[in-house]
Structures are given as C-alpha cells and as structure tokens.
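S.K.: Each step along the sequence shown adds one to the number in this note's numbering, with nothing skipped, and position 258 is 260. Each residue gets a CB set at the ideal place from its N, CA and C atoms; glycine is no exception.
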Amino acid sequence: MIDLHSHTTASDGQYPPSELVARAAAAGVTVLAITDHDTVAGLQEAARAALAHGLELVPGIELSAFVYGKEAHILGHFLRPEDPDLARFADRLRDERTRRMEAMVARLRELGFPVRMEQVRKVAGDAQLGRPHLARVLVDQGWCLDMKAAFDRFLGTGRAAWVERFKLDGAEAIRLIRNAGGTATLAHPGSSKMERPEISALAKAGLSGLEVLSVDHNPTVRQKYLALAAEFDLVPTFGSDFHGEAVAPDHRLGVAAMSLELFQKLRARAPSSRPV
3 MIDLHSHTTA
13 SDGQYPPSEL
23 VARAAAAGVT
33 VLAITDHDTV
43 AGLQEAARAA
53 LAHGLELVPG
63 IELSAFVYGK
73 EAHILGHFLR
83 PEDPDLARFA
93 DRLRDERTRR
103 MEAMVARLRE
113 LGFPVRMEQV
123 RKVAGDAQLG
133 RPHLARVLVD
143 QGWCLDMKAA
153 FDRFLGTGRA
163 AWVERFKLDG
173 AEAIRLIRNA
183 GGTATLAHPG
193 SSKMERPEIS
203 ALAKAGLSGL
213 EVLSVDHNPT
223 VRQKYLALAA
233 EFDLVPTFGS
243 DFHGEAVAPD
253 HRLGVAAMSL
263 ELFQKLRARA
273 PSSRPV
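#1: What's the gap between the Cα of residue 176 and the Cα of residue 83?
#2: Going by the DSSP bridge assignment, what does residue 61 pair with across the sheet?
#3: Could you name the residues of the same chain whose beta carbon sits closer than 6 Å to that of residue 52, not counting the 5 residues immediately before and after it, in chain order?
#4: Going by beta carbon distance, what residues of the same chain come within less than 6 Å of residue 250, once the five residues before and after it are set aside?
#5: Could you tell me whether the region 40-52 touches the region 67-77, using the rule of 3 or more Cβ pairs below 8 Å?
#6: Quick check on the DSSP output: the alpha helix (DSSP H) that includes residue 282 runs from which residue to which?
#7: Quick test of your reading: residue 40 and residue 110, contact by CB under 8 Å. State the CB separation rounded to the nearest angstrom.
#8: If you scan the region 166-232 from start to end, which runs of the beta strand (DSSP E) of 3 or more residues do you find wholly inside it?
#9: If we ignore side chains and look at the alpha-carbon of each, how far apart do residue 146 and residue 248 end up?
#10: If you count every other CB in all the chains shown that lies within 10 Å of the CB of residue 13, and 16 or more means buried, which is it?
#11: Just the Cα atoms here: how many angstroms apart are residue 85 and residue 125?
#12: Is the Cβ-Cβ distance between residue 181 and residue 88 less than 9 Å?
#13: Can you tell which of 97, 56, 189 has its C-alpha closest to the C-alpha of residue 167?
#14: With DSSP run on the structure shown, which of helix, strand or coil describes residue 67?
#15: For residue 259, which residues from the same chain have a beta carbon less than 7 Å from its beta carbon, with the 5 sequence-adjacent residues on both sides left out?
#16: Out of 133, 93, 54, point me to the one whose CA is closest to residue 104's CA.
#17: Since residue 198 and residue 178 should fall inside the 8 Å C-beta cutoff, what is the C-beta to C-beta distance between them, to a whole number of angstroms?
#18: On a Cα-Cα basis, can you pick out the residue from 42, 202, 32 that is closest to residue 18?
#19: Taking just the CA atoms, how far does residue 67 sit from residue 201?
#20: Out of 107, 255, 187, 244, which has the shortest C-alpha to C-alpha gap to residue 206?
#21: Note down, in chain order, each residue of its chain lying with its Cβ closer than 7 Å to the Cβ of residue 236, except the 5 sequence neighbours on either side.
#22: Please tell me whether residue 214 and residue 243 are closer than 9 Å, where the distance is taken between their beta carbons.
#23: Return yes when the Cβ of residue 162 is within less than 9 Å of the Cβ of residue 113, no when it is not.
#24: Suppose the cutoff is 6 Å on Cβ atoms and the five residues either side in sequence are ignored; what does the same chain contact list for residue 135 look like?
#25: Can you tell me whether DSSP reads residue 278 as helix, strand or coil?
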C-alpha cells in the first residue's frame, strides 16, 4: 500500500516520525512519504524507523505556495533532504513563521486575550510554529470551544488575529523541489480550488503529479482531476494527508493507495533517480 502524503510532529502532525512510521506499517502501508510543512527535520528519525519496520520511506516536504492568487500546496517527493538551498529556505520559513506568530499573539493580546509566545512554543515543541498551535492554546485556555472555532473566530483568513503570511510563488516552490532532486505534486487540488488555469501554469513550471485520489475528493471530483492529469501529463497520486486522529480524524492511514505502476512512473520523473 502506497501513501505519499503524511505529517509528523516536525510540523503539525500528532505523532513523532518514528511512531508515524510504526502506525503506517501496522495499517498495511508499505511505501510512505513524510511531507511535513516547510521542513525535512523529521526525515532522519523516520528513515531509521522505516528500516526497522521494513517500510520504504519517500523523503518529502509540503510547501505552501501561490499561483494566480490562490494558495497551492505542493508536495515534494524523492528529494535530497540535505540539499543546501532547501535547508536555507526551511531556515527562512522558520524565521518567517516566528515573526508571524509573534504578530498574531500581539493581536490577540490587543483583543484582551493574554496569550503568550511561551504557551505557543510549549504546544509546538520542536515543530515549525503554525496557526494550529496557537489555536490549541486558545482551546486549552477555554477561550474557544474547539480548533475550528479558534480559526473561525480569530485565526482564519481575514479574521481578527489574522496576519498575512510570506508568499512563495508556485513556480519557485517547484524549482526548489526539483533542484533538490524531487518531483513536485499538487496536493488535494479540489480542496484548494485549483482549476485548469492554475494546474496549467504549474505544469509549465515543472509539476510532475496531481493528487487525484485525495480522501477529500468525491468520485466526481476525482474524475475531473484525472482528466486534467491526463491533459497535462501529470501522474495521478494518492495521499491520506494523515496528521493524526486528534488533528484530522477523517484522514486515516491504510484506507486507500496508488498503484505501484503510477508510483514508479512518478519516481522516474525525479531528477535524483536519473544517472549522473
């Protein structure tokens, strides 16, 4: 069973890399991509666990980028985690995330909610700071009923504590991934409201795959994106987008998979798979 989209505590997932790998193996997954947001920090631990469980680990990342004003989530697969440009970009994003979080905390304090950065860091641990960590603080302190309420009231786009984020161009995200030896795949295009113009632009920039078999897509949506994948010669992929039951209960490991044939087709498009 092949699953090319999952997250650990290195970004916004529930489980540490080694535990995620163990759970994936127990669910019948034989090939797993860990694609944490803007970081490859969990891959070394995951690689050791994958070896112990006899599971193939695909080193990956998920970059949030923009195309024609829409946010697109671009997965990198088969990349070299030690690539220096990728490492520098991850460092830059870490700094950007910290500045953004400090600004959101400041806005909440202005609104009368005594949130502190120390609380957010405690929730995040070693992970990249993100809005879910701040949402958890709001829930834990009793100011919001649940994570959804925190986003709906304060943290969603345009809400009271929203702060604009650093915007990475979609073509630049693909360039970073390909220069690190990886393939670039557009994640959950239906959820992100990606249409033909955005997919065409990303394909021209070097996109290799389209996450057609997302658990967020109903059969009609899957057929739509299968047709677009065929039109732009993109490999249809599957990813559970697993974060953990406490984070995203509808996204589970081992519920579906992509075929070995399509997986090998995607791998063949990775610059790292070609002879030097």
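M.R.: For this structure:
#1: Here the alpha carbons of residue 83 and residue 176 stand approximately 15 Å from one another.
#2: Its beta-bridge partners are 36.
#3: When the five nearest sequence neighbours on each side are left out, the beta carbons in the same chain lying within less than 6 Å of the beta carbon of residue 52 are those of 23, 59, in order along the chain.
#4: Excluding sequence neighbours, residue 250 sits near nothing in its chain.
#5: The region 40-52, when compared against the region 67-77, does not touch it at the 8 Å Cβ threshold.
#6: In the structure as shown, the chain begins at 3 and stops at 278. Residue 282 is therefore absent and cannot be evaluated.
#7: The distance from the Cβ of residue 40 to that of residue 110 is about 23 Å, inconsistent with a contact at the 8 Å cut-off.
#8: Runs found: 185-188.
#9: The alpha-carbon atoms of residue 146 and residue 248 are separated by roughly 16 Å.
#10: Buried is the label assigned to residue 13, since at least 16 other Cβ atoms lie within 10 Å of its Cβ.
#11: Those two C-alpha atoms are separated by around 29 Å.
#12: Contact check for residue 181 against residue 88 passes: the beta carbons are separated by less than 9 Å.
#13: Nearest option by C-alpha distance: 97.
#14: Note: residue 67 maps to strand in three-state DSSP.
#15: Excluding residues within five positions, the ones whose Cβ falls inside 7 Å are 3, 4, 5, 240.
#16: Looking at 133, 93, 54, the one whose alpha-carbon comes closest to that of residue 104 is 133.
#17: Contact between residue 198 and residue 178 is ruled out by a C-beta separation of about 24 Å, above the 8 Å threshold.
#18: Closest option to residue 18, Cα to Cα, is 42.
#19: Rounded to whole angstroms, residue 201 to residue 67 spans 13 Å at the Cα level.
#20: When each option's Cα is compared against that of residue 206, the closest is 187.
#21: Cβ-Cβ distances below 7 Å link residue 236 to 205, 209, 210, 211, 212 in the same chain, with the five nearest sequence neighbours on each side left out; the list follows chain order.
#22: No, the pair does not count as a contact, with Cβ atoms beyond the cut-off.
#23: Result yes, Cβ atoms of residue 113 and residue 162 sit closer than 9 Å.
#24: Only residues of its own chain outside the window of five on either side were considered, and among them 122, 125, 126 have a CB closer than 6 Å to the CB of residue 135, listed in chain order.
#25: Low confidence applies to residue 278: its pLDDT is 48, below 50, so where it sits in the model is not reliable enough to give any reading.
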